[in-house]
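Below: one structure, written as structure tokens.
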Amino acid sequence: MMPWTLAFNTNGFAHHRLTDAIVVLSELGYKGVALTLDVHHLDPYSDHWRDELTAVSELLARVQMSVLIESGARYQLDPRRKHFPSLLCDDPHRGVRLDFLNRCLDVAAALGAPIVSLWSGHDFDGVGRKVGMDRLVEGLETLLPRAEAARIDLAFEPEPGMFIETLDQYQELKDRLPSPRFGLALDVGHLLVTGECEPRDALRRYRGDLVCVAIEDMKRGVHEHLPFGQGDLEVAEVLLGLQEIGYRGFLSVELSRASPDAPRQAEAAVDFLSALGRQLGLIR
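Going letter by letter, the sequence shown gives residues 37 to 320 in this note's numbering.
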């Protein structure tokens, strides 16, 4: 048994019904689902989303899988602009993003998910660092009371190319949001893109902030999520780093381009991590 809750992000199962994806992942041995709400997976704007919510909730209970909510759908809110709008946008666009994130909190509460993961998005309007940071803080301050009341953690993910892309920038944001329900969603592959530090060093430095961790292979300087063995990530160092800090939360495989071959890629990932975990003595 792995010491973490190994999950797979449903953005890599875009061609599956959500319930089918959950069944496949359960059969492969995953214990968690990183559920990206999207136009095809538990769309909170659908007329029938509550029916799907009931079906998903019952299925997760039946297969005994945990779930966290991911909010990074590409075209959920705008059919032409990827990830638009963001919390940095002028009104009324930023209100659209806030509404979606509130719906993510609603879904999380209904499913018993302890985490909603989110990122800053882009500075689409070119407002600059100061105004952008102020707007981001204001938006998160709007969300946090609901998260706190529902006992849901907001896990903030620095994302290469977005307004907040590094751990130092995350820390700047965190310093302005002292809520115990606000923490870090760390994608270890992103550290190879930004080059700011090695993943194991980041795990040590931010051990007290970690809410959830995502993993995949990645080449240095290139933001492309790859199957294990195709990039430069020292996966053993990551697993040992997680063990070193006593991390026991979600470890989510994110292969966002895996959908055409999702079952095989999900199987290869769990097999790779299981074999490596046994080799390192981390799986009993």
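We put the CB at the ideal spot given by N, CA and C, even for glycine.
Can we say the region 150–167 touches the region 114–130, given the rule of at least three CB pairs closer than 8 Å? yes
Is P128 buried or exposed, if buried means 16 or more other CB atoms sit within 10 Å of its CB? exposed
Which partner residues does L287 have in the DSSP bridge list? L42 and V249
Rounded separation between A298 and L154 - CA only: 23 Å
Count the CB pairs spanning the region 294–311 and the region 51–67 that are closer than 8 Å, and state whether there are at least three. yes
Do L54 and H84 count as a contact pair if the criterion is CB distance below 7 Å? no
Do you know offhand how far H259's Cα is from V229's? 6 Å
Sheet register partners of I218 (DSSP bridge): Note on residue identity: the sequence assigns Phe, not Ile, to residue 218. BP columns for F218 point to L190.
Take the Cβ of Y81 as the centre, count every other Cβ of all protein chains shown within 10 Å, and call the residue buried at 16 or more, exposed below. exposed
Measuring CB to CB, does V173 end up less than 7 Å from R212? yes
So, are the CB atoms of A221 and A191 less than 7 Å apart? yes
Own chain partners of L239 with C-beta closer than 6 Å, once the 5 adjacent residues on each side are dropped: G277 and I281
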